[in-house]
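Numbering (our numbering), first residue to last: 6 to 108.
Think of the CB as a built atom: it goes at the ideal place given N, C-alpha and C, for glycine as much as any other residue.
All of these numbers come straight from a predicted model, not from anything done at the bench.
Take a look at the structure:
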C-alpha cells in the first residue's frame, strides 16, 4: 500500500513540463480565458436578442390588429361627427357606415 503523501501514478501525467498545470499558466491561459468568456457573452447576447425578436414578432400581429380596430373606431367616430355637422346626408352615411362595419 503506497503512503498517503504520494499521489497515485495516474496523477503524475498532469504534473511537470507540458502537463495540465502548464496549459493554463501564462499568456496562453489568459488568452483562452478571454476567448471562453467572450464566447459566453456572444452566446448570451444572441439568445437574448433571439428571444426579444421572437416576442416582438408574436405580439406585433396583435398590436397591428388592435391598431386596425382602433382605426375603424376612429373612422366611425369621424363619420358620426361629419353626419352630425351635416356634411354628409343619410344615404352617404349609411353607405360609408356599412363599408366600415364590413372591415
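Output yes or no for whether 7 Å exceeds the beta carbon distance between residue i and residue j.
i: residue 81; j: residue 105; result: yes
i: residue 87; j: residue 93; result: yes
Once DSSP output is grouped into helix, strand and coil, what is the label at residue i?
i: residue 103; result: helix
i: residue 85; result: helix
i: residue 60; result: helix
How many whole angstroms separate the CB atoms of residue i and residue j, which I take to be in contact at a CB cut-off of 8 Å?
i: residue 84; j: residue 98; result: 7 Å
*Please go through the stretch 29 to 55 and give each complete alpha helix (DSSP H) segment of 4 or more residues, from N-terminal end onward.*
none
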